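Colleague:
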Amino acid sequence: MAIIPSDISRPDALTGQWVRVVLDVPLQGPFDYRCDFPVATGMRVIVPFGRRKMIGMVVGLPDVPAYDPKLIKSVETVLDDIDPLPDHWLKFAQFAADYYQRPLGEVVLPALPVSLRSVTAYQGKRSAGGPVARLDNRRAPAMKAVAASDVPALNEAQQQAVTEIVSAEGFKAFLLYGVTGSGKTEVYLHAAAQALARGQRVLMLVPEINLTPQFEQALRARLEPVAGVGGLAVLHSGLSDGERLRAWLRVQRGEARVVLGTRLAIFAPMQDVGLIVVDEEHDPSYKQQDGLRYSARDLAVWRGHDLGVPVVLGSATPSLESWVRADRGQYKRLDLPARARAVSLPSVRLVDTRRLKMDHGMSPHLLTAMRERLDNKEQVLIFLNRRGYAPALHCASCGWVSQCPRCTTFTVLHRSTPGRHQLHCHHCGYQQRVPASCPDCGDQDLQPMGRGTQRIEEHLAELFPESRIARIDADSTRKKGSAQALFASVHAGEVDILVGTQMVAKGHDFANLGLVGVLNADAMLFSQDFRAPERLFAQLMQVAGRAGRHTGHGEVIVQTGYPEQPVYQALLKHDYSGFAKHSMQERESAMLPPFSHQALLSAEARELNVAIAFLQSAKEAAQALMEQQQSAEMITLYDPVPLRIVRVDNMCRAQLLLEASHRPAIQSLLRQWLAEMNELPESRKVRWQLEVDPLEI
Ligand code: ADP
Ligand code: ZN
Ligand code: ZN
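The opening residue of the sequence shown carries number 3 in the numbering used here; numbering runs sequentially from there.
1. In whole angstroms, give me the CA-to-CA distance for PRO441 and ARG435.
2. Using CA atoms only, rank isn't needed, just tell me which of ARG665, LEU660, GLU684 is closest to LEU692.
3. Among PHE39, ASP511, PRO28, which has the Cα closest to the Cα of PHE51?
4. Drop a sphere of 10 angstroms on the beta-carbon of ILE647, count the other beta-carbons inside from all chains shown, and report buried for 16 or more, exposed for fewer.
5. Where the beta carbon is closer than 6 angstroms to any heavy atom of ligand 2, which residues qualify, in chain order?
6. If you measure from each residue's Cβ to the nearest non-hydrogen atom of ligand 3, which ones come out under 5 angstroms, in chain order?
7. Let me know the secondary structure DSSP gives PHE489 once reduced to three states.
8. What does the Cβ neighbour count give for LYS146, buried or exposed, with the cut at 16 atoms within 10 Å?
9. Identify, in the order they occur along the chain, each residue of the same chain with its Cβ nearer than 8 angstroms to the Cβ of ASP498, setting aside the five sequence neighbours on each side.
10. My guess is that LEU294 and VAL109 are in contact by the Cβ rule of under 8 angstroms, so how many angstroms apart are they, rounded?
11. Is the CB of ARG140 under 8 angstroms away from at least one CB in chain E?
12. In the structure shown, what three-state DSSP assignment does TYR288 receive?
13. So, using beta-carbon positions, are LEU205 and VAL275 closer together than 8 angstroms?
14. Which runs of the beta strand (DSSP E) at least 3 residues long sit entirely within the segment 33-89? Give them in chain order.
15. Between the C-alpha atoms of PRO644 and ALA302, what's the straight-line distance to the nearest angstrom?
16. Looking at the strands, I want to know which residues DSSP matches up with GLU606.
17. Are VAL181 and ARG299 close, meaning C-beta to C-beta below 8 angstroms?
18. Which residue comes first and which comes last in the alpha helix (DSSP H) that contains GLU188?
19. What are the uninterrupted segments assigned as beta strand (DSSP E) that are 3 or more residues long and contained completely in the segment 432-458, given in chain order?
20. What are the boundary residues of the alpha helix (DSSP H) that TRP402 is part of?
21. Helix or strand or just coil, what does DSSP make of ASP9?
22. DSSP three-state label for ASP377, please.
23. Thinking just about the alpha-carbon of each residue, which of LEU542, PHE532, SER529 is nearest to the one in VAL1?
24. Where DSSP assigns a beta bridge to TRP20, which residues make up the other side?
25. If we count the other Cβ atoms within 10 Å of its Cβ and call it buried at 16 or more, is PRO7 buried or exposed?
26. In three-state DSSP terms, what is ARG203?
27. Sorry if obvious, but does the Cβ on GLU218 come closer than 7 angstroms to a heavy atom of ligand 1?
28. Output the distance between the C-alpha atoms of ARG252 and ALA258, rounded to the nearest integer angstrom.
29. Hey, how far is the Cα of GLU496 from the Cα of ALA149?
30. So which of SER287, LYS75, GLU323 has the shortest CA-CA distance to ARG53?
31. What does the alpha-carbon distance come out to for the pair GLU459 and ALA113?
32. Would you report the Cα separation of VAL21 and GLN160, rounded to the nearest angstrom?
33. Does the Cβ of SER346 have 16 or more other Cβ atoms within 10 Å, making it buried, or fewer, making it exposed?
34. How is PRO133 classed by DSSP in three states: helix, strand or coil?
35. Measuring alpha carbon to alpha carbon, tell me which residue in LYS687, ARG548, CYS400 is nearest HIS510.
36. When we look at the beta-carbon of HIS426 and count the other beta-carbons within 10 Å, is it buried (16 or more) or exposed?
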């Protein structure tokens with residue numbers, strides 16, 4: 003469907019006509035309406051839909067409606083409290099919709115702040131002119147100027163990278179590859195400052211903002227002198243609806259010159275973009291895991307291409323997708339080979355746990371190293387990607403293990419207050435008191451099985467009674483602001499030992515942290531997902547990068563039962579490129595992404611065989627289509643299989659994987675296949691969804 007350029011300069015010429023509208027409903031759309039008011043594409047309208055009223059967006063002004071005019075209803079209201087969304091924005095949304103095989107309405111409307119797409123915000127009792135007018139009548143919080151910070155002189159590698167980026171004419175994708183501390187952020191900032199100086203705007207994506215307010219502050223200090231006070235807008239999912247609307251409007255009205263945001267910011271309606279940056283481009287949080295399952299990193303490249311501007315993807319451990327593109331010359335690689343400040347990378351030690359007597363999961367080597375660092379008044383980080391007290395509770399006499407009644411998983415033992423425990427399911431949220439005795443045999447001696455962060459914290463408190471210990475994980479940071487407070491106390495030196503999950507791995511520059519201990523990394527090594535080693539390597543490099551950032555004599559101790567594994571061997575030498583080479587060979591010989599393209603159809607139902615039956619008939623439909631399209635040679639259809647955790651919240655889950663050597667082949671198959679999916683009789687008994695380029699399989 004073509005999007006017709008807007009022409010609101012002559013609104014009178016546009017009345018009494020048809021409008022084509024997209025809505026956030028799981029139907030392909032678009033939907034035609036009559037409209038007796040001035041209207042243009044990119045404007046929102048309130049329309050009747052079934053028995054409801056909904057806000058939709060006008061995406062076209064057709065001369066003739068697509069169906070019988072007698073059946074067509076009228077637009078109730080045209081909302082003109084903001085300028086129409088520009089055509090390039092709609093074009094981008096259309097691209098995302100086509101690529102991810104979703105109705106355009108399911109892309110366009112969720113990209114807007116909630117109140118701009120909710121009828122009650124306009125027609126409720128307290129609507130008072132709508133959400134935009136209400137916001138504009140309220141006084142905006144005062145913007146305080148941030149003290150400008152010093153600009154370090156770039157080293158040669160950084161300078162070269164900046165020169166390459168700013169001299170790009172039109173679209174060019176760069177992969178900025180440099181270890182943590184190599185000064186990638188400096189490169190972004192210099193390139194951004196030059197784009198701003200040319201009068202352009204900058205979009206900067208980061209995986210996470212809530213955890214790193216320092217980063218936002220640093221960015222303000224550096225860019226506001228060029229962008230103006232308040233020239234930076236921050237967009238992320240942690241904002242309240244009102245905050246999000248305010249920030250979004252500042253972007254849409256062109257007041258913000260720099261947009262810093264998480265994945266959702268890729269849909270910000272920016273104008274005059276001159277540079278797009280994606281920091282930590284390998285990070286899985288760029289992937290949206292429900293609704294429109296997009297990759298903000300991939301969309302960033304397409305948007306840059308569409309707008310004709312450079313895109314910089316930065317990482318110490320690039321995704322293999324990006325690495326391969328750089329290898330093939332599709333992306334230009336820019337290397338920052340050393341740390342910017344003259345501090346060396348931490349040394350890595352692998353402790354083989356197979357023949358060691360462990361103390362609560364910690365080796366004597368680790369405990370000795372901890373003691374030395376603590377005596378030396380340095381901080382220690384213990385990294386364990388498993389929250390709670392213990393992954394399960396079990397009965398030693400009969401083998402009973404605590405299990406969720408709604409899911410095929412163990413329930414995790416959690417300590418709520420000292421001495422008080424509960425069982426939680428991490429998949430469905432089910433909670434239960436700890437039974438006084440074994441439900442199967444009645445034995446009262448129930449034992450925690452394995453360890454989570456709470457148990458490690460408890461044990462460390464016994465081992466190091468004189469040390470101050472803090473734990474940072476999803477449980478200890480539930481309250482708004484508590485993560486920031488905890489991080490602040492680590493930065494202030496009020497903590498000696500920090501125990502944490504992946505939350506602590508990201509972005510923090512702890513000046514006094516000397517040692518990182520990694521427990522139970524092997525858990526990730528043997529996951530079924532073919533990307534697990536890649537993800538493990540990235541995570542270990544990232545957490546390792548927290549050690550000795552300022553002193554240059556940091557150490558990382560990784561406890562493992564499999565020290566000979568390539569991922570650990572590469573980690574020893576900080577050798578991402580060696581690891582990438584090894585992984586690429588593996589992927590290529592197995593024809594896995596990035597050497598093939600995947601799509602995943604998943605289904606869930608109360609009973610597993612119902613989900614499987616749906617996938618089986620979907621598979622047969624796909625086979626028939628492949629015959630028609632003569633693409634059977636290019637596409638592999640696997641058999642439907644149950645997920646590893648089959649049942650979650652009483653729904654059984656299964657999936658069907660498609661793999662193709664050729665992207666257009668899979669795209670055209672998916673398009674027709676989706677159209678047929680709802681026609682399958684089995685589809686009414688399941689919830690299903692299709693994901694393009696799935697990240698987890
Ligand atoms: P990265 O983003 O690659 O992890 P950063 O850009 O955060 O690295 O830089 C790491 C540290 O080095 C920061 O404290 C930064 O201020 C400093 N730094 C970066 N570039 C230079 C430079 N050219 N000269 C001196 N210090 C620098
Ligand atoms: Zn028992
Ligand atoms: Zn559960």
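Note that the Cβ used here is the ideal one computed from N, Cα and C, for glycine as well.
Everything numeric in this text was worked out from a predicted model, so none of it was measured.
Modeller: Result, derived from the coordinates:
1. 12 angstroms
2. LEU660
3. PRO28
4. exposed
5. CYS397, SER399, CYS400, TRP402, CYS440, ASP442, CYS443, ASP445
6. CYS406, ARG408, CYS409, CYS427, HIS429, CYS430, TYR432
7. helix
8. exposed
9. LEU376, GLN381, VAL382, PHE466, SER469, ARG470, ILE471
10. 6 angstroms
11. This model lacks chain E altogether; it includes just one protein chain.
12. helix
13. yes
14. 33-37, 46-51, 54-62, 79-81
15. 33 angstroms
16. ARG655, ARG689
17. no
18. 186-199
19. 433-435, 448-451
20. Neither: TRP402 is in no alpha helix (DSSP H) and is coded neither H nor E.
21. For ASP9, the predicted structure reports a pLDDT of 43, less than 50, and the residue's modelled location is therefore unreliable. The matter cannot be settled from this model.
22. helix
23. Here the chain has residues from 3 to 699 only, and residue 1 is not among them.
24. ARG36
25. Its pLDDT being 42, under 50, PRO7 is placed unreliably in this model, and the coordinates cannot settle the point.
26. strand
27. no
28. 6 angstroms
29. 26 angstroms
30. LYS75
31. 41 angstroms
32. 51 angstroms
33. exposed
34. helix
35. ARG548
36. buried
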